[in-house]
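With the first letter of the sequence shown counted as 1, position 38 gets the number 40 in our numbering; the numbers rise by one all the way through.
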Amino acid sequence: MKKTKEKEHYLKEIYKLEASDQNVSVSILSAMFGISKPSVSNMIKKLVTMELLNSAPYKAIVLTSEGRKLARTVVAKHRLIELFLVEIMDFEPENVHEIAEEIEHIESPPFFRKVKKMLNQREIDPHGSPIPDIEF
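Here it is, written out as structure tokens:
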């Protein structure tokens, strides 16, 4: 099964929920994404099959080590791009999220290494969130 933007988006949001010590459930994800619980359940099943999540009835949904690694990479890309857009391209912080949502899915380690270098390995995005330390 190949990666898609939607799958990476799920992993990223689950990562952020876990980071804030919230138990992740189908109900929480359904409300967060504004989609039906069966749709969320189907995606969770796909991510479990890909060995990116662990899920069991009446238990929290959790990232596997591989899922966490992928989620951290997507989060790092997103936050680096937001910082790049603000610091280098002079965008306002409130105008960078949607652009970063698109760019975070690019598979180009050299690109992200250069962005990281241009930003002097900074560790905080323009919204005050930590940028995971990822070797691209």
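Just so you know, even glycine gets a beta-carbon here, dropped at the ideal spot from N, CA and C.
Let me know the secondary structure DSSP gives residue i once reduced to three states.
i: Asn122; result: coil
i: Asn97; result: helix
i: Met3; result: Legend: pLDDT at Met3 = 45, less than 50; position of this residue unreliable, no value from coordinates given.
i: Asn44; result: helix
So, is residue i buried or exposed, given that buried needs 16 or more other C-beta atoms within 10 angstroms?
i: Glu8; result: exposed
i: Met3; result: Here the model assigns Met3 a pLDDT of 45, short of 50, so the residue's position is not dependable, and the following value carries that caveat. That one is exposed.
i: Ala73; result: buried
i: Ile46; result: buried
i: Glu10; result: buried
i: Thr75; result: buried
Below 7 Å CB to CB, which residues in the same chain sit around residue i once its five sequence neighbours on both sides are set aside?
i: Asp127; result: Arg81, Glu84, Leu85 and Ile133
i: Glu68; result: Glu53 and Leu54
Residue i to residue j, Cα distance in whole Å?
i: Ile90; j: Lys18; result: 26 Å
i: Ser22; j: Pro112; result: 31 Å
i: Val117; j: Lys14; result: 20 Å
i: Glu96; j: Gly36; result: 22 Å
i: Glu125; j: Lys48; result: 32 Å
i: Ile136; j: Ser41; result: 31 Å
Can you give me the Cβ contacts of residue i inside the same chain, cut-off strictly under 6 Å, excluding the 5 residues immediately before and after it?
i: Lys39; result: Val28 and Ser32
i: Arg70; result: none
Among residues of its own chain, excluding the 5 on either side of residue i, which ones have a beta-carbon nearer than 8 Å to its beta-carbon?
i: Ser131; result: Arg81
Is the region 63-82 close to the region 99-111, with three or more CB pairs under 8 Å? With a cut-off of 8 Å, the region 99-111 and the region 63-82 count as touching, because enough Cβ pairs lie within range.
Taking contact to mean at least 3 C-beta pairs separated by less than 8 Å, is the region 24-34 in contact with the region 57-68? yes
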